[in-house]
Amino acid sequence: MKKNVILLLILSSLTFANIAIVKKIKGTVEVKRKGQVISIRKGSTLKNGDVILTKSKSSIGIMFDDGSRVSLGEKALFVINHYVVKPSRKEYDIDLELKKGKAMFSSGKISKLAPQAVKFRIPEGAIGIRGTKFVVEVK
Numbered sequence: 003m004k005k006n007v008i009l010l011l012i013l014s015s016l017t018f019a020n021i022a023i024v025k026k027i028k029g030t031v032e033v034k035r036k037g038q039v040i041s042i043r044k045g046s047t048l049k050n051g052d053v054i055l056t057k058s059k060s061s062i063g064i065m066f067d068d069g070s071r072v073s074l075g076e077k078a079l080f081v082i083n084h085y086v087v088k089p090s091r092k093e094y095d096i097d098l099e100l101k102k103g104k105a106m107f108s109s110g111k112i113s114k115l116a117p118q119a120v121k122f123r124i125p126e127g128a129i130g131i132r133g134t135k136f137v138v139e140v141k
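Reminder that position 100 of the sequence shown reads as 102 in this note's numbering, one-by-one numbering, no gaps.
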């Protein structure tokens, strides 16, 4: 029983581990995490499942653990569905989703390690990442 509790604690800490950092922020940006609105600023960390909402005249710059970067413009709705990059275990799975607004993406180490493991979803499809930079807008 004690081993099961310890295993559960370890797994839950991995699930909610910090995966990205806010490098730049302008205006009002909200992060919804587990049904709560989290206050963020430059240096704040982000986790799997976070939903990022930028308000009018606002923007945010995010850097993920592998060096991938996402910049969001005003009135954006962006979801970190899943992010796992563990080269020592050869585990790679990035699933990001832009539901509304403008975003710029620049891939980090993942583009060399496992570019096929990156999904950048938009309402009418997905963008395949192959070591690239792109800008996309969803209205």
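We put the CB at the ideal spot given by N, CA and C, even for glycine.
I129 (DSSP reduced to helix, strand or coil): Within the sequence shown, residue 129 is the residue found at index 127, counting from 1. In the structure shown, I129 adopts extended strand secondary structure according to DSSP, grouped into three states.
CA nearest to the CA of G51, picked from S73, Q38, I129: Against the sequence shown, residue 51 aligns to sequence position 49. The shortest C-alpha separation from G51 is found at Q38.
A105 - DSSP class collapsed to helix/strand/coil: Numbered from 1 along the sequence shown, position 103 holds the residue referred to as residue 105. A105: strand per DSSP, three-state reduction.
Same chain only: Cβ atoms within 6 Å of S73, ignoring 5 sequence neighbours per side: The count along the sequence shown starts at 1 and reaches residue 73 at position 71. Answer for S73: G63, M106, listed in chain order.
Assigned exposure category for A22 - 16 Cβ within 10 Å defines buried: If you number the sequence shown from 1, residue 22 lands on position 20. Here A22 is buried: its Cβ has 16 or more other Cβ atoms, across all protein chains shown, within 10 Å.
Start and end residues, alpha helix (DSSP H) containing S113: Start at 1 with the first residue of the sequence shown, and residue 113 comes out as number 111. Going by DSSP, S113 is part of the alpha helix (DSSP H) stretching over 112 to 115.
Beta strand (DSSP E) segment containing E139, residue limits: Within the sequence shown, the letter at position 137 stands for residue 139. Counting along the chain, E139 sits inside the beta strand (DSSP E) bounded by residues 135 to 140.
Reference S113; option with closest CA among T30, S70, I129, E93: On the sequence shown, residue 113 is found 111 positions in, with the first residue counted as 1. For S113, the closest of T30, S70, I129, E93 by C-alpha to C-alpha distance is S70.
Neighbour-count burial assignment, S58, 16 or more Cβ in a 10 Å radius: As a working mapping, residue 58 is identified with position 56 in the sequence shown. Counting Cβ neighbours within 10 Å, S58 comes out exposed, since fewer than 16 surround it.
Selected residue, minimal CA-CA separation from R91, among V33, L115, S61: By 1-based counting over the sequence shown, the position of residue 91 is 89. Nearest in C-alpha terms to R91, of all of V33, L115, S61, is L115.
A22 (DSSP reduced to helix, strand or coil): Within the sequence shown, numbered from 1, the residue matching residue 22 stands at position 20. Strand, per DSSP.
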